[in-house]
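First up is the structure itself, then whatever we jot down about it.
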Amino acid sequence: MSIPRQMINLLGIVLVVAVLVAGVTLAGVPLFSSAQTTDASTKTVAQTNQIYQIQVTELAAANETIDEIVTDVTALQSQITATTRMDDVIELAVAAADTVGGTIESFTVAEIEPWTPRTGLDSDVEDEAAPTDEGEAEDTSANAESDGTTDAADGAEAPAEAPATAEDSPQKQIPVTIKVVVPSAAAAAAFMDGLARGPRLIAPIDGTLEDGVLTVTALAFLRTGE
Numbered sequence: 004m005s006i007p008r009q010m011i012n013l014l015g016i017v018l019v020v021a022v023l024v025a026g027v028t029l030a031g032v033p034l035f036s037s038a039q040t041t042d043a044s045t046k047t048v049a050q051t052n053q054i055y056q057i058q059v060t061e062l063a064a065a066n067e068t069i070d071e072i073v074t075d076v077t078a079l080q081s082q083i084t085a086t087t088r089m090d091d092v093i094e095l096a097v098a099a100a101d102t103v104g105g106t107i108e109s110f111t112v113a114e115i116e117p118w119t120p121r122t123g124l125d126s127d128v129e130d131e132a133a134p135t136d137e138g139e140a141e142d143t144s145a146n147a148e149s150d151g152t153t154d155a156a157d158g159a160e161a162p163a164e165a166p167a168t169a170e171d172s173p174q175k176q177i178p179v180t181i182k183v184v185v186p187s188a189a190a191a192a193a194f195m196d197g198l199a200r201g202p203r204l205i206a207p208i209d210g211t212l213e214d215g216v217l218t219v220t221a222l223a224f225l226r227t228g229e
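Here the sequence shown stands for residues 4 to 229, where the numbers follow our numbering.
Here it is, written out as structure tokens:
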């Protein structure tokens, strides 16, 4: 039995088509999928680069105003409420009250204000430094005149610097009022001494004892952001 020539040609064509379809399926489809994935990755990278470029531009603009930002931060630090920095002072007062058997009734904090040096200690130092002998006074006066002439000459060469004001200083003080219930006048005096003997966070100014309640006015000290 012989197969017609046309049938053989048809079978050959079908076989060739099948091979081509198989080749496209096995090779072309993966390549197409890979191309699509690569294209999507390229778009994602491009979008990410745009975001980074925007961030870099914003950072560059912020860097130009860094001095203003630092100034604003410093101003905000100086405006921090005193209450948040009074924990150590309150603990000191509570410890002093516990030592004498007293109880803190109230602790009132006033507005923060510039630190004012206490002049009492300065006066004592100046009194001790005063000359006691007339001869020494004359020598000191002569040296002062000579130094004054030299200082005047130096002052003419260099301009005087503006002194720092109290408002510019990071050191601040806060008036506080402490009311503590004490068992006796001796306990009240011991409480005042306890505040004075502690760390130099608080300086008692005055105390009034009435009906077993001691009212103390004092100054608390702190440092704000420089």
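For each residue, glycine too, the CB sits at the ideal point set by N, CA and C. These numbers were taken from a predicted model, which means no experiment stands behind them.
Open item on the list: Would valine 216 and valine 179 be called neighbours here (beta carbons separated by less than 9 Å)?
Closed with: Valine 216 is not a Cβ neighbour of valine 179, given a cutoff of 9 Å.
Open item on the list: Taking DSSP's pairing of strands, which residues face isoleucine 177 in a bridge?
Closed with: Its beta-bridge partners are Ala223.
TODO: Kindly list the residues whose CB is nearer than 7 Å to the CB of alanine 206, restricted to its own chain and excluding five residues on each side of it in sequence; keep chain order.
DONE: The residues are Ala221, Leu222.
- [ ] Name the one or two DSSP bridge partners that lysine 182 has.
- [x] Its beta-bridge partners are Ser109, Thr218.
Task: Residues bridged to glutamate 213 [DSSP beta-bridge criterion] - done: Per DSSP, Val216.
Open item on the list: Closer than 8 Å is the cut-off here; do at least three beta carbon pairs connect the region 189-203 with the region 100-118?
Closed with: Verdict: yes, contact present.
Open item on the list: According to DSSP, is proline 207 part of a helix, a strand, or is it coil?
Closed with: Assigned with DSSP and collapsed to three states, proline 207 falls in strand.
- [ ] Compare the C-alpha of proline 117 against each of Gln176, Thr77, Asn66, Asp209 and name the closest.
- [x] Closest by alpha carbon: Gln176.
Open item on the list: Which residue wins for smallest C-alpha separation from methionine 195, given the options Ala99, Asp214, Glu114, Phe35?
Closed with: Nearest of Ala99, Asp214, Glu114, Phe35 to methionine 195, Cα basis: Ala99.
Open item on the list: Is it buried or exposed, isoleucine 69, if we count other Cβ atoms within 10 angstroms and call 16 or more buried?
Closed with: Flag for isoleucine 69 reads exposed.
Open item on the list: Going by beta-carbon coordinates alone, are leucine 225 and leucine 198 separated by less than 9 Å?
Closed with: The criterion of a C-beta distance shorter than 9 Å is not satisfied by leucine 225 and leucine 198.
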